[in-house]
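Here the sequence shown is numbered in full-length UniProt numbering, starting from 1 and rising by one per residue.
For reference, the structure is listed below as structure tokens.
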Amino acid sequence: MSNYSIKNLEEYFQVYRKSVREPENFWEEVAEEHFTWRKKWDNVLSWDFTKPEIKWFENAKLNITENCIDRHLLTHGDKTAIIWEPNDPKEDALHISYKELHERVNKFANVLKQNGIEKGDRVCIYLPMIPELSVAMLACAKIGAIHSVVFAGFSASALATRTNDADCKMLITSDGSFRGEKTIDLKGIVDKALEDCPNVETVLVAKRIGSDINMKEGRDKWLQPLLEEASEECEPEIMDAEDPLFILYTSGSTGTPKGMLHTTAGYMVYTAYTFKNIFQYKENDVYWCTADIGWITGHSYILYGPLANGATTVMFEGIPSYPDYGRFWEVVEKHKVNQFYTAPTAIRSLAKRKLEFVEKYDLSSLKVLGSVGEPINEEAWHWYNDNIGKKKSPIVDTWWQTETGGIMISPIPYVTPSKPTYATLPFPGIQPALMDAEGKELKGNQVDGRLCIKFPWPSMARTIYGNHQRYKDTYFSAYENKYFTGDGAMRDEVGYYRITGRVDDVIIVSGHNLGTAPIEDAINEHPAVAESAIVGFPHEVKGNALYGFVILKETGESRNQDNLRKEINQQIADKIGPIAKPEKIQFVSGLPKTRSGKIMRRILRKIASNDTSNLGDTSTLLNPEVVDEIISNSF
Ligand code: WT7
1 MSNYSIKNLE EYFQVYRKSV REPENFWEEV AEEHFTWRKK WDNVLSWDFT KPEIKWFENA
61 KLNITENCID RHLLTHGDKT AIIWEPNDPK EDALHISYKE LHERVNKFAN VLKQNGIEKG
121 DRVCIYLPMI PELSVAMLAC AKIGAIHSVV FAGFSASALA TRTNDADCKM LITSDGSFRG
181 EKTIDLKGIV DKALEDCPNV ETVLVAKRIG SDINMKEGRD KWLQPLLEEA SEECEPEIMD
241 AEDPLFILYT SGSTGTPKGM LHTTAGYMVY TAYTFKNIFQ YKENDVYWCT ADIGWITGHS
301 YILYGPLANG ATTVMFEGIP SYPDYGRFWE VVEKHKVNQF YTAPTAIRSL AKRKLEFVEK
361 YDLSSLKVLG SVGEPINEEA WHWYNDNIGK KKSPIVDTWW QTETGGIMIS PIPYVTPSKP
421 TYATLPFPGI QPALMDAEGK ELKGNQVDGR LCIKFPWPSM ARTIYGNHQR YKDTYFSAYE
481 NKYFTGDGAM RDEVGYYRIT GRVDDVIIVS GHNLGTAPIE DAINEHPAVA ESAIVGFPHE
541 VKGNALYGFV ILKETGESRN QDNLRKEINQ QIADKIGPIA KPEKIQFVSG LPKTRSGKIM
601 RRILRKIASN DTSNLGDTST LLNPEVVDEI ISNSF
């Protein structure tokens, strides 16, 4: 039996048990068999959650790009590493082989060096989903620079905050980007951001849209001419296992964004190992994750995890609705995608459209479907299963976080029997614990609590860049000796986990603990409902009451609203109980969402509480315009 590739449920349990009983032996075997090291570790793991300090594969030496690129050259040099699918389907896709990726990364690495970047320097990358983004990240990793990718949909002020927090001396961007029918003036946003970033010395600008932009003398340089002149040879920097690989910002429930710092060896081992198993990737498969590389999903499961396995990974520049709502399925057919990984919010938005958009395309290549980012509701799960997977591709509902670096709880397809809305079982090496309000661990099955992890795993973030105290306070102070995820979860009668949503979303109504996700599930099952969000607001008698924001499908828009409210309430009463019926239901045309598609409940809570004086920064929302509409129609 190999620890690396899990083939059936019995093997999963064997591997899992071993990973808990002898974690060090377990991870040592995984690391030894499947990666290229310049020097092996002296010690597999040392950890102390009270400090917190976590070190994996201590004193090992490596470069992650040797694992993601160089070692595949001899046997797979001509294999496609990255299929780049542009925004406009009329533009040709690119197939970048491992050999070509190697050359591109070396050239880019040399350009970084010529512009003064050294090991340990932070480089901010603000690029759309074009090949230069992947190449830039790998080039940083090659020379030991720390990349900090900022999603290219963020505003100038969000970019400036992140650039300064990481103290980046270089920024890499493009003239602009394509997004559906629109073009976005990225360089203009960068120029505005950099007015507040005195430490950025160099801006490298990739040409993508060919717009006429301002180039600041002495600071801004066109990237392509520099790449053309750069040498194809570049020796990798030999990195320590615990040297930083990248910083990635995630928003906290309060305060400034947190720069999660990930290190080299543990991150590599864990993302590669999870990728292999959770997508059951086989030689010659084509894998597609629709996320943007600006999020952790893209870092771990578009770039590092797939490339470490020598996989072919699709990088998509466009959006699901352009030129029409069939775009995802067109791309699946075109590139014969075998594994498809997306977010529930995308599934729900596509499920609202006519089925013709799906039925036009041949989806028979699909073997595994993935979901990530938020709880997937029953209705979306079934739509995905019936119409995309045709009931034969297992759905992997993968639970994890920016902080965890890799997938933590997930089915293994063709191994773990699936159950809609359940992330099912912990991945080998992951030891979850459910805690009650008093801080006691809830043992056994059929329990409901706060989700913690009680043992380190290789890809966990090591700190918040520049603020270790905040790292400790946020993740290691709520429960002694445990990493606190901020999520609630239940464990069912067979030990399957269901993530019930952020704990800050739990609402206590008349002393009853209500998770928002199951209520939203019940509402969404109403045939006229497209999407919904439930928040709490203060109530004299009940402590808290519920306020529902509901988006209707086209078919529901013409119906009598009072009747709809009654039906929705009945549905909730039937599925959960009368206690879960919202006090107020407001029909809205959209919900305020973050760029990664998460509902901004903080804003909805304020609106529900009639406290709209200080809504905070709404400029980074995907759709800031809906906020005013919701306020003006609120109760
Ligand atoms: C939060 C982390 C992990 C990459 C994308 C999001 C929620 C994530 C699931 C899932 C239910 C999920 C959790 C988590 N979440 N995946 N499969 N089921 N909830 O990364 O922005 O760091 O967000 O997303 O609440 O804590 P992130």
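Cβ coordinates follow ideal geometry from the N, Cα and C atoms, glycine included.
The model shown is predicted, which means the values in this text are computed figures rather than measured ones.
Asked, Found
"When 573, 160, 46 are compared against residue 199, the one with the closest alpha-carbon", "160"
"Alpha carbon of residue 545 to alpha carbon of residue 126, nearest angstrom", "42 Å"
"Buried/exposed call for residue 16, threshold 16 Cβ in 10 Å", "buried"
"CB of residue 370 within 8 Å of CB of residue 337, strictly", "no"
"Residue 459 - DSSP class collapsed to helix/strand/coil", "coil"
"Under 8 Å between C-beta atoms of residue 407 and residue 278", "yes"
"Residue 329: first and last residue of the uninterrupted alpha helix (DSSP H) it sits in", "327 to 335"
"Length of the line joining the Cα atoms of residue 453 and residue 174", "40 Å"
"Residue 85 - DSSP class collapsed to helix/strand/coil", "strand"
"Reduced DSSP category for residue 240 - H, G, I as helix; E, B as strand; rest coil", "strand"
"For residue 253, the three-state DSSP class (helix, strand or coil)", "Any reading at residue 253 must be qualified, since the residue scores a pLDDT of 48, below 50, and its modelled position is unreliable; no value is offered."
"Closer than 7 Å: residues whose CB approaches a heavy atom of ligand 1", "250, 295, 296, 297, 371, 372, 373, 374, 375, 376, 397, 398, 399, 400, 401, 402, 403, 423, 485, 486, 487, 499, 501, 502, 596, 598"
"CB of residue 373 within 8 Å of CB of residue 460, strictly", "no"
"Residues that residue 533 bridges to, as DSSP identifies them", "549"
"Segment contact flag, the region 456 to 476 with the region 42 to 62, C-beta cutoff 8 Å, min 3 pairs", "yes"
"When 96, 523, 326 are compared against residue 311, the one with the closest alpha-carbon", "96"
"Spatial distance of residue 116 from residue 220 (CA atoms)", "14 Å"
"Nearest to residue 593 (by Cα), restricted to the options 351, 633, 346", "346"
"N- and C-terminal bounds of the beta strand (DSSP E) containing residue 58", "53 to 58"
"Continuous alpha helix (DSSP H) assignments of at least 4 residues falling wholly in the region 270 to 325", "305 to 308"
"Range covered by the beta strand (DSSP E) that runs through residue 433", "432 to 435"
"Sequence-distant residues of its chain with Cβ nearer than 6 Å to residue 422 (five each side left out)", "496, 498"
"Local conformation of residue 137 per DSSP, three classes", "helix"
"Whether residue 289 touches residue 341 by CB criterion (8 Å)", "yes"
"Nearest candidate by alpha-carbon position, reference residue 368, set 360, 358, 597, 398", "398"
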